[in-house]
Amino acid sequence: MEQGIIFDIQRFCIHDGPGIRTTVFLKGCPLSCAWCHNPESKQQNVQLSYRENHCVLCGECESICPQRVHHLVNNEHLVNFSLCTGCGKCIESCPVSALSLIGKTVTTDDIMDIVLKDADYYRASGGGITLSGGEPLFQPHFALALLKQAKRGRLNTCIETSGFCREADLRSVSEFTDLFLFDFKLSDEKLHRQYVGGELSKILKNLSLLNKLKKPVILRCPVIPGINDTQSHFQAIADLSVLECVQAVEIMPYHTMGAAKSLNIGREYLLNVPPADPETVKLWKSELLKMRCQKLME
Ligand code: SF4
Ligand code: SF4
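Mapping of the sequence shown onto the working numbering: residues 17 to 314, in sequence order.
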């Protein structure tokens with residue numbers, strides 16, 4: 017049976033595809049978006065999280081950790097995240113739940129046991145299962161096995177993807193996927209490499225593959241003030257929206273949720289950009305309408 021690493025599973029989701037859904041978050045992503053709202057999804061293996069504002073400096077973790085990850089110096093708790101092997105000993109010893117491990121290894125059966133609990137809701141609402149991440153296709157065999165199993169259970173299936181994956185993997189999962197929620201973040205190749213950490217051309221090639229395969233796509237486009245809120249980027253969105261596979265275009269605000277989560281896992285959050293306010297999002301939606309984008313979602 018196929019195994020994979022997930023970092024969350026959320027039931028009763030209503031924004032990750034049609035109807036009521038269970039969203040499974042697979043760990044690991046080949047990209048490094050500066051605005052990532054799930055920075056804990058980037059690394060594929062299990063990792064330590066430390067909430068500084070919960071810590072009472074008792075020193076239990078320092079005594080128990082075999083890797084010397086924790087150091088209490090002058091009333092300060094220093095954490096060397098890179099040394100952690102994920103053994104979990106410090107988590108059990110912490111009296112105030114300041115420590116936790118992100119990610120766990122599961123089988124497809126483990127996931128489907130949870131997903132199928134809500135089968136009645138999916139049937140009534142047209143919902144099902146959504147694979148998210150991270151990038152779900154960073155674990156292609158696990159993603160494919162999950163989708164196949166979901167289809168055997170007659171569930172509706174969606175994937176939330178950056179489109180930055182191997183063409184062969186996208187082709188394989190497409191057979192078992194009803195809808196792709198496909199990110200489109202930047203339309204300039206140079207800026208894309210700088211802020212997203214991968215080639216835009218690869219993503220566009222994969223979008224064109226989905227078009228060829230006639231797989232339904234919703235384009236998901238974040239508004240990131242000062243980075244992609246330009247006429248040329250929104251014109252590129254309007255141009256892509258004419259593809260036959262694109263059923264809808266969703267414009268969403270960038271938010272800064274990733275900043276606090278980055279701190280907890282010892283990563284720097286370098287983007288110093290305020291969240292996109294509702295007025296800005298509204299403005300770009302109306303610009304898209306002027307550009308004759310017919311598929312804008314409310
Ligand atoms: S999980 Fe294990 S290795 Fe990592 S910090 Fe805690 S005790 Fe140390
Ligand atoms: S065991 Fe928990 S409360 Fe005690 S020092 Fe470590 S993180 Fe802080």
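For every residue, glycine included, the Cβ atom is placed at its ideal position computed from N, Cα and C. None of these values were measured; they are calculated from a predicted model.
### Where Tyr66 falls: helix, strand or coil (DSSP)
Strand, per DSSP.
### Query
If we count Cβ pairs, one from each stretch, closer than 8 Å, do we get three or more for the segment 76-83 versus the segment 31-50?
No: fewer than three Cβ pairs fall under 8 Å.
### Query
Based on the DSSP secondary-structure assignment, which residues constitute the bridge partners of Thr39?
For Thr39, DSSP records a beta bridge to Gln26 and Thr146.
### Query
Counting Cβ pairs, one atom from each stretch, are 3 or more of them under 8 Å apart for the segment 227-241 and the segment 197-208?
Enough Cβ pairs lie closer than 8 Å, so yes.
### Residue of Ile219, His157 and Pro269 minimising C-alpha distance to Asp293
Comparing Cα-Cα distances from Asp293 to each of Ile219, His157 and Pro269, the minimum goes to Pro269.
#### Entry: Residues bridged to Cys174 (per DSSP)
Under DSSP, the beta-bridge partners assigned to Cys174 are Thr146 and Leu195.
### Cβ shell of Pro55 (< 8 Å), same chain only, five flanking positions each side left out
Cβ contact annotation for Pro55 (same chain, cutoff 8 Å, sequence separation greater than five): Gly274, Lys277, Ser278, Ile281, Arg283 and Tyr285, in chain order.
### Query
Using CA coordinates, which residue listed in Lys133, Gly102, Val258 and Leu132 is at the minimum distance from Ile118?
Selected option, being the one with the closest Cα: Gly102.
### Task
Could you give the DSSP three-state label for Ala264: helix, strand or coil?
Correct three-state label for Ala264: strand.
### Helix, strand or coil at Val89 according to DSSP, with G and I counted as helix
Three-state result, Val89: strand.
### Message
Tell me which residues share the same chain as Lys164 and place their Cβ nearer than 7 Å to its Cβ, disregarding the 5 neighbours each side in the sequence.
### Response
Closer than 7 Å at Cβ, skipping near neighbours: Phe192.
### Residues near Gln251 by beta carbon distance below 7 Å, same chain, minus five either side
The residues are Met307.
### Task
Return the CA-CA distance between Ile145 and His87, expressed in angstroms with no decimal places.
A direct Cα-to-Cα measurement between Ile145 and His87 gives close to 42 Å.
### Query
Is the beta carbon of Leu195 sitting closer than 9 Å to the one on Pro46?
It is not a contact, given that the beta carbons lie outside the stated cut-off.
### Message
Taking the straight line between their C-alpha atoms, what separation do you get for Ile240 and Glu266?
### Response
Pairing Ile240 with Glu266, the inter-Cα distance amounts to about 14 Å.
### Query
For Lys231, which of helix, strand or coil comes out of DSSP?
Residue state, collapsed to three classes: coil.
### Query
Does ligand 2 have a heavy atom nearer than 8 Å to the CB of Leu73?
Yes; taking the cut-off as 8 Å, the Cβ of Leu73 has a heavy atom of ligand 2 nearer than that.
#### Entry: Assumed close pair Leu132, Cys100 - CB separation to whole angstroms, cut-off 8 Å
Incorrect: roughly 34 Å between the Cβ atoms, too far for contact.
### CA-to-CA distance, Ser113 to Glu92, given in whole angstroms
When rounded, the distance between both Cα atoms is 17 Å.
### Query
How is Ser57 classed by DSSP in three states: helix, strand or coil?
Three-state result, Ser57: helix.
### Task
Counting only the same chain and skipping the five closest in sequence on each side, list residues whose C-beta sits under 6 Å from that of Gly213.
For Gly213, where only same-chain residues beyond five positions count, the Cβ hits under 6 Å are Leu47 and Ser48.
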